[in-house]
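Read the structure below first, then the notes.
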Amino acid sequence: MPMFYGMDPTWILLIPAILLSLYAQIKVKNTYNKFARVSTRAGIPAHHMVRQMLDMNGLQNVTVVPVGGKLTDHYDPKKKELRLSQENYNSSSVAALGVAAHECGHALQDAEGYAPLRIRSSLVPVANFGSNFSWILILAGVLFSFDKLISLGIIFFAAAVVFQLVTLPVEFNASSRAMAALEGASFLNSQELPQAKKVLNAAALTYVAAAFTAILQLLRLILLYGRRDK
């Protein structure tokens, strides 16, 4: 049981994940800020562009609304709302259009019943519970020497890891759809398309880092649990 307290040797597993996460955060911030200052030649605000994109794909039922916060852009499949952060909503920058097109990609996934998106949505309740309460179960199991609680906590944490893994194809596919839509409808020119791709690639790296961190953390928990009686 002492291996659950303090700085145990398994902490070294998290060092690559921490470094990758820091790099991903810096990368996405710098890339977004760089291309948020680059206006597109067409000058179409992101909310107009994404409205056209949705209508072109028969998604008139999806509404486009502004939402507070920075880089809080997301698509809500339950309310059929595509929410763009205030910074991107009225912006005609390369970054804003790239982000908006990515969220449109999620709306397209939802409309066609894209399997990984459905799987991810079904995992949300378990993943939220696993992320928030798995550590409580594990610590309670350690404190009261109740192995079943520890096992249950690890299982719930594993569900959160599965959610992170399923998120990867969902996000990559949404970005692919975004680039195809931006190019197909000529919302961006040949110089702006690679710039938008850089923004989306930087954002994708954050999901890779999150999944990598979750996997290593799960591995660490399994190693710790296996060493408790040694």
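So the sequence shown is residues 1395 to 1624, counted in my numbering.
Even for Gly, the Cβ is constructed at its ideal location relative to N, Cα and C.
Q: Within its chain, find whatever has a CB closer than 7 Å to the CB of Ala1598; leave out the 5 residues flanking it on each side and keep chain order.
A: Glu1565, Phe1566, Ser1569
Q: Return the residue from the list Ile1548, Glu1506, Leu1533 that minimises the CA-CA distance to Val1520.
A: Looking at the Cα atoms, Ile1548 is the closest of the given residues.
Q) Can you tell which of Ala1579, Glu1586, Val1560, Tyr1619 has its C-alpha closest to the C-alpha of Ala1608? A) Val1560
**Q.** Span of the beta strand (DSSP E), counted from its first residue to its last, around Pro1510
**A.** Counting along the chain, Pro1510 falls outside any beta strand (DSSP E), though it belongs to the alpha helix (DSSP H) covering 1509 to 1537.
Q: Could I get the ranges of all uninterrupted beta strand (DSSP E) runs contained in the stretch 1473 to 1504, with 3 residues as the minimum, in chain order?
A: 1475 to 1479
Q: Would you mind stating whether Ile1544 and Ile1532 have Cβ atoms separated by less than 8 Å?
A: yes
Q | For Leu1413 and Ala1436, the rounded distance between their alpha carbons | A | Just so you know, the alpha carbons of Ala1436 and Leu1413 end up roughly 38 Å apart.
Q. From Asn1427 to Ala1489, what does the alpha carbon distance come to, in whole angstroms?
A. 8 Å
Q | For Thr1457: DSSP bridge partner residues | A | Glu1475
Q | Whole-angstrom distance between Leu1502 and Tyr1469, CA atom to CA atom | A | Between Tyr1469 and Leu1502, the C-alpha separation is close to 10 Å.
Q.
Suppose contacts are defined by Cβ-Cβ distances below 8 Å. Is Val1456 in contact with Leu1478 by that definition?
A. no
Q: Find out if the Cβ-Cβ distance for the pair Thr1365, Leu1612 is shorter than 8 Å.
A: Here the chain covers residues 1395 to 1624 and nothing more, so residue 1365 does not appear.
Q | Contact between the stretch 1415 to 1429 and the stretch 1578 to 1597 (3+ Cβ pairs under 8 Å) | A | yes
Q) Is it true that the CB of Ala1575 sits closer than 8 Å to the CB of Leu1582? A) It is not a contact, given that the beta carbons lie outside the stated cut-off.
Q: Could you tell me how far apart the beta carbons of Thr1434 and Ser1487 are, in whole angstroms, since I believe they sit closer than 8 Å?
A: 7 Å
**Q.** Supposed close pair Leu1407, Leu1610 - CB separation, criterion 8 Å
**A.** A Cβ-Cβ distance of about 5 Å is found for the pair Leu1407 and Leu1610, placing them in contact under the 8 Å criterion.
Q: Pick out whichever of Leu1476, Thr1466, Met1447 has its Cα sitting closest to the Cα of Ala1572.
A: Per the Cα distances, Met1447.
Q) What first and last residue would you give for the alpha helix (DSSP H) that runs through Asp1541? A) Element bounds for Asp1541: 1541 to 1578.
(Q) Among the candidates Leu1416, Lys1472, Leu1476, whose CA atom is the shortest distance from the CA of His1442? (A) Leu1476
Q) Once you ignore the five residues that flank Thr1606 on each side, which residues in its own chain have a CB closer than 7 Å to its CB? A) Going by the sequence as given, residue 1606 is Phe instead of Thr. Contacts found: Ala1411, Leu1414.
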